[in-house]
Structure formats: C-alpha cells, structure tokens
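A short write-up of the structure that comes next.
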Amino acid sequence: MEDQNKFSGKKMDRRKFLKKSGIAAGVVIGAGLLGSCSLWKMEKSTSTVPEPPTEADSGQTSSDQASAGSSGEPPFIAYPFKLGIASGDPLPDGVVLWTRLAPAPTSTNGGMPNEPYNVQWEVAEDEQFAHIVKSGTEKATPQYAHSVHAEVSGLKSDRWYYYRFKAGSEVSPTGRTKTAPAAGADIKKLNFAFASCQNFPAGYFSAYDHLVKEDIEAVIFLGDYIYEGAGGTIKGRQHFPNKAIHTLSDYRLRYGQYKVDPGLQAAHAAFPWIVAPDDHEVRNDWTNDGPPYDDTKDFLERRAAAYQAYYEHMPLRKAALPKGPDMQLYRRFTYGNLAEFSVLDTRQFRSHYACGEGNIRANCDERLDPTRSIMGADQEKWLFDGLAKSKARWNVIPQQVMMAQRDREPGSGVAYQIDKWDGYVASRDRLFKHVKDSKIKNFVVLSGDQHNNWVNLLKDDFNDEKSAILGVEFLGTSITSGGNGSDMNEDGRSSLAENPHMVFFNDQRGYVVCQVTPDQWRTDFRVLSYVNKQGSPIKTRASFVIANGVPGVRQL
7 MEDQNKFSGK
17 KMDRRKFLKK
27 SGIAAGVVIG
37 AGLLGSCSLW
47 KMEKSTSTVP
57 EPPTEADSGQ
67 TSSDQASAGS
77 SGEPPFIAYP
87 FKLGIASGDP
97 LPDGVVLWTR
107 LAPAPTSTNG
117 GMPNEPYNVQ
127 WEVAEDEQFA
137 HIVKSGTEKA
147 TPQYAHSVHA
157 EVSGLKSDRW
167 YYYRFKAGSE
177 VSPTGRTKTA
187 PAAGADIKKL
197 NFAFASCQNF
207 PAGYFSAYDH
217 LVKEDIEAVI
227 FLGDYIYEGA
237 GGTIKGRQHF
247 PNKAIHTLSD
257 YRLRYGQYKV
267 DPGLQAAHAA
277 FPWIVAPDDH
287 EVRNDWTNDG
297 PPYDDTKDFL
307 ERRAAAYQAY
317 YEHMPLRKAA
327 LPKGPDMQLY
337 RRFTYGNLAE
347 FSVLDTRQFR
357 SHYACGEGNI
367 RANCDERLDP
377 TRSIMGADQE
387 KWLFDGLAKS
397 KARWNVIPQQ
407 VMMAQRDREP
417 GSGVAYQIDK
427 WDGYVASRDR
437 LFKHVKDSKI
447 KNFVVLSGDQ
457 HNNWVNLLKD
467 DFNDEKSAIL
477 GVEFLGTSIT
487 SGGNGSDMNE
497 DGRSSLAENP
507 HMVFFNDQRG
517 YVVCQVTPDQ
527 WRTDFRVLSY
537 VNKQGSPIKT
547 RASFVIANGV
557 PGVRQL
C-alpha cells in the first residue's frame, strides 16, 4: 500500500501536512491558514484555545442567543469547531466524517441554540482543496448535540484525502483520511496503531503528540475513551463535571472536556479511526443490563444516555445510531488480501459475572458454565462465519479485554479475573476450537483495558506448555490510565512466572504500532517516560515479529 497522493503523482509529505495544518504542534487552527479554495470564501476565524472548564460552566445555557435556525446565519458565540474533526470506519470507497458544533464545549448544549443548522463538507485530493472530489451538506440537530456524521462514498480505494467542514462563515481545521484498499487487492504493506484507556485526570495525552508523527494509515481505539467517575489528581485536569456522570447532559459535558485536548484532536485529524467502547464509556465493569452494580431500569437509562453521547462524539456510521440502550458496534474491515479486522463488542451481550461480585476469584466453577458467553450468540456466529470465509493473510480480532488465561495466584493455587475472557471460558474454548477446526492461520488478537503491555501466546490448552499455539495476543497499555507506571512491577513478575504462555510485560503508558506485510507481522510497543507532566519523550520498549504461517512470536 503506497503512501501517495495519487492525483498529483507525488509522495505525500506527512510532516509537511502536520506542520501546515497545525497538527504537529497539537493546536486547532482557523480556516484562514488553508489557502484558496473553489467553493468557500475564507474569512477570519474566531477560533480560540478553550479555557479549562469550571463548575459554573455546567449551568450555562444558550437562552440569550438569537436563534436564526437552519435557514439563517448560525448565531455562534465563538468558533464552533472547538471539538475538532475526525474520520473513521474506512471502506474501499469512502469514510465517515465527523464534527460537532460546540462553541462552548463544557456548557449546556455546547453553547448552541435549540435549532438545527446546515453544515457543509468537502473532500479533496490535495490539502489546498484545489481538486475537490466530493461535497455535501448535513443537518446538525440539537437532538444529537449538533453532531455531524457525513458518510462519504464514491471515493477511490487505498487513497489519501483531505476534508473540512463549514458552518455559516466558519471553516473547520483540515483533516486527512484514507480509504481502505479494494476487496481482494494485492496489498504489500499496512501500518496502523492501536490504543486504549485515556483517563483525563490521570495524566497528559502526550502519546498523541508522538502518534501523529507515526507512519501509519489508521488508528484502532479499543475502549475507555472517557472515564465516568469523579475526581482527579493533576491540577487543571480534574474531571468535569466533578461527579460520577449519569445523564445525557453529563456525558456530553465529559466528552466536551476530553475532546478539547489538542493532542487528541490532532490524532483524530491525522488518521481515520476505528473505535469500539469498553466499560468506562458507561460504567466501570458493567455487564449486559447492569447487575450486580445497578438497578436494571436505572442502568439501562444510563446506558442509553452514554451510548447516545458516544455516538454523538465518535466518527461512526449511522448504522451505529443507538436505539435506546442498544447499539450496533461489532463490524468488519478488510484491507485487500492482506488483513481482515473483526472488531468485537465484549460488553453489551456478555453474560453476567460468574460467582457474584468481585473481580479476581478462586474456586469459581461457574465461569466454566458452557452456556456463558462474552459475545452473545449472534455476534459469535457473525465472528465465526467471517473467520471461516476470510481470504486475508492475517485474521485479526480487535477487542477490549485480555483473552489469554492469566493465573493471578502465585504457587499451586489458582485465581482468575472474571471480568476478562477467564470469566467466559466456554466462549474462549468455542473460538479456539473454531480457529483450529477451520485451520485459520495467522490469528492475531489486539486487546486493551489492562493498562499494561503484554504479549501472550494463545494456546489450545493453557495448562499444557506443549499445547499447540493457535495465535498471538498483543495487549496494549493505556494512554494515561494508571499514571506514570514503570518498566516492570510485582504483578508483571508474578504473572510471567505463573503463566509460561505470557512472554512479555511492561507497565508504562503509550500505544502500539503494527507493521504488516504478507511475510510478517511486526509489533512495536511505544512507551512514554511519564504522563504526570507534559513533554514526555517516547521510545520503542520492545518489538515482536510473527512470521507468516509460523505459530508463535519472536522478540527482536
């Protein structure tokens, strides 16, 4: 897959784009820096860097604003694109483009009147927008927080494009995105990154300052985009509102706080994202319809609010629009004949926790119940059918929680974390049996949630060191959750000693970069020195390679 702007025939200068758009510095820019365009007159922007929110902000309303409605000039009180822009769900012929009008992101209704407004969008083959290939208009409605999800089709496959929005006289920053290769195309290379768990009060999002400079084509985010709790230890980064959030208004305010972060905005603007939530987008450690943590009715109302806010702030297609507490999140992406990604949802359909409350359990036979599932019957069938039909060289499952077995008890005893696949052993056994029976080769699982880096061999029988290796799990650390961390800790030492199929552990923050070719899969664990202050350097802590058709993994 070549990194080119094929309209011009010249190789795309990624660093030039980042510098020109302001993305490399992690700042949101106004439209006046973008040069000429064929459709829109550029005017001076009112863009400002958002001030940190205060508790008083949550009570602001837009009642004093003049309401012009969709037929008139939107009465913005400030620059309306303060939450940035994004693209996602890349297909061979298009992507979804996202933004939200929010001139006051941490105020009620984002500082917008209770009226719908038209938002225009453009897609071009060059960053100056001299060669616009697609354009259109979407209606941003108060029902969905004035968010925009423009599903662009008719684009060329395996191609970089630039995009932007306009509302009234205001033009958004420019974003860059890329379509997937055509089905069955002979692809020689795919570079992508995956990440998870960005707790705003736990540290600065410095990882994104480095991620935007990586030579990648997409970002996969595996959950915990926000955290739902109160508190915070770093001055100026306390959660807003400073309470556990429950209502739609609460969740919108929390997303408003997170998405004004310039590093996060830059990463969204630089690459298409494929996103899936885990638990903290709703409530810590939730399962299905709520118990044992919440009354079912109250929890489902909370889940409906959380899912709507998630949809409003993510580059998702309209097929993902929630219906009450239900949301379609599992889906598949194919990159030619090289790799197929089956993105799972391991929260919404899972059975309730085995053996009641508590996460780490010993002597919990219920976790072995053959009727238990972490995916639900429909998703499991969808996954198995897709794996069996796949013609890709690499078969990849991006999902939320650790899949490998992990004995947490030193010595002869055993204890397992039932929030992970260890609490749903029958689901894992059925998946591994399908991989084995269908002779699925090059089986790779990408996981998050754990706030550490891991490399795990996925074995037919985890209790037998000589058992066949069916695949490899790369589990990535957090963006900030857990604080600075360290290279190794006691939990890591104990787990490596107790579980021979676990071959690597690291407890620093960062993200993971994968370089995929027909011959090998390479994974680089990129880690930060600290997150409690800004400006951390980054380094590659370890690199691992899977050779095509060869079970197991090798550290470089």
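Numbering (our numbering), first residue to last: 7 to 562.
Note that CB positions come from ideal geometry on N, CA and C, so glycine has one too.
Where are the alpha helix (DSSP H) runs, 4 residues long or more, that stay fully inside the region 229 to 294, in chain order?
-> 254 to 265 and 268 to 276
H155 bridges to which residues according to DSSP?
-> W104
Kindly indicate which residue of A421, E415 and P283 has the alpha-carbon position closest to the one of D371.
-> A421
Whose C-beta lies closer than 8 Å to the C-beta of G498 among residues of the same chain, with five residues either side of it excluded?
-> The answer, listed in chain order, is N458, F511, N512 and D513.
Give me whichever residues DSSP pairs with G181 in a beta bridge.
-> Y169
With distances taken Cα to Cα, identify the nearest neighbour of P148 among G477, R258, D435 and G482.
-> R258
Name the one or two DSSP bridge partners that A548 has.
-> F531
If you draw a straight line from the alpha carbon of D164 to that of D284, how long is it in whole angstroms?
-> 29 Å
G116 to T183 span [Cα, whole Å] | Computed Cα separation, rounded: 26 Å.
Sequence-distant residues of its chain with Cβ nearer than 7 Å to P278 (five each side left out) | S93, G94, P96, V101, T183, K184 and A224
Proximity winner among D192, V129 and V509, relative to G181 (alpha-carbon distances) | V129
Measuring CA to CA, which of A188, A250, W400 and N469 is closest to E504?
-> N469
Could you tell me the distance, in whole angstroms, from the CA atom of S549 to the CA atom of Q526?
-> 13 Å
Anyone know if the C-beta pair for V522 and L196 falls short of 7 Å?
-> Yes.
Over the uninterrupted alpha helix (DSSP H) stretch that includes Y85, give me the two end residues.
-> No alpha helix (DSSP H) contains Y85, which DSSP labels as neither H nor E.
Would you say F200 and I222 are within 7 Å of each other, going by their C-beta atoms?
-> Between F200 and I222, the gap from beta carbon to beta carbon reaches 7 Å or more.
Do I544 and H216 have their C-beta atoms within less than 7 Å of each other?
-> For the 7 Å CB-CB criterion, I544 and H216 form a contact.
Whose C-beta lies closer than 7 Å to the C-beta of A110 among residues of the same chain, with five residues either side of it excluded?
-> Q66, I83, A84, G116 and G117
When DSSP labels each residue in this structure, what does V125 get in the three-state scheme?
-> strand
Contact check, T352 vs V431, beta carbons under 7 Å = no
From K303, P297 and A156, pick the residue whose C-alpha is nearest to that of A325; which is it?
-> A156
Of the choices T546, H319, S348 and N294, whose alpha-carbon is the least far from that of P452?
-> The amino acid occupying residue 452 in the given sequence is Leu; Pro does not appear at that position. Per the Cα distances, S348.
Collapsed DSSP secondary structure at P207 in the structure displayed | Under the three-state reduction of DSSP output, P207 falls in the helix class.
Measure the Cβ-Cβ separation of P557 and I424 and say whether it is below 7 Å.
-> no
Leaving aside the five residues before and after T604 along the sequence, list all residues of the same chain whose C-beta is less than 8 Å from its C-beta, in chain order.
-> It is not possible to answer for residue 604, since the shown part of the chain is limited to 7 through 562.
Please name the residue in D467, Y536 and R414 whose C-alpha comes closest to that of E496.
-> With distances taken between Cα atoms, E496 lies closest to R414.
Selection from A345, N365, N369 and R367 that minimises the alpha carbon distance to V402 | A345
State yes or no: is the C-beta of K145 within less than 7 Å of the C-beta of V158?
-> Going by beta carbons, K145 and V158 fall outside the 7 Å limit.
Unbroken alpha helix (DSSP H) run spanning E386, endpoints = A383 to K395
Helix, strand or coil at L45 [DSSP, three-state] = Note on L45: pLDDT 48, under 50, position unreliable in the model; the coordinate value appears next. L45 falls in the coil class under three-state DSSP.
In whole angstroms, what is the alpha-carbon distance linking G541 and G489?
-> 15 Å
Could you tell me the distance, in whole angstroms, from the CA atom of P122 to the CA atom of P268?
-> Approximately 27 Å, taken between the alpha carbons.
Are the CB atoms of Q334 and L254 nearer to each other than 7 Å?
-> For Q334 and L254, no; Cβs fall outside 7 Å.
Opening and closing residue of the alpha helix (DSSP H) in which S501 lies | In the DSSP assignment, S501 falls within the alpha helix (DSSP H) that extends over E496 to E504.
Under 7 Å between C-beta atoms of D291 and L306 | no
Which value, in whole angstroms, describes the spacing of the CA atoms of N554 and T529?
-> 14 Å
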